[in-house]
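Everything on this sheet refers to the single structure shown next.
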Amino acid sequence: MIFTNGAFVSPGKVIVNGREAWCWIVESFEGDSFYDGEEILPIENSYNKENLLKLIEDAEE
315 MIFTNGAFVS PGKVIVNGRE AWCWIVESFE GDSFYDGEEI LPIENSYNKE NLLKLIEDAE
375 E
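Using the working numbering, the first residue of the sequence shown is number 315, and each one after it goes up by one.
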């Protein structure tokens, strides 16, 4: 789980355990975001879980 000061979200329908459910889907992030106390650059979508966030120091290289 991440914490963010701001994100643009929209409602979206997903299938959970074979049933339709509504959830908030992040369209884009605004402001600072953190994961385990480290500032990160969250990516809105990716083909794998590992690429959804980057530590700020890794992004600056």
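The C-beta atom is built at its ideal place from N, Cα and C for all residues, glycine as well.
Each of Glu358, Ile339, Leu367 was checked against the Cα of Glu352, and the nearest Cα belongs to Leu367.
Listed in chain order, the non-local C-beta contacts of Phe343 below 6 Å within the same chain comprise Thr318, Ala321, Pro356, local neighbours out to five positions each way being set aside. Apart from sequence neighbours up to five positions away, the residues of its chain that approach Gly345 with a beta-carbon distance below 7 Å are Thr318, Asn319, Gly320, ordered along the chain. Under a 10 Å Cβ-count criterion, Ser360 is classified as exposed, with fewer than 16 other Cβ atoms of the shown protein chains found around its own Cβ.
For Glu334, the enclosing beta strand (DSSP E) starts and ends at 333 to 343.
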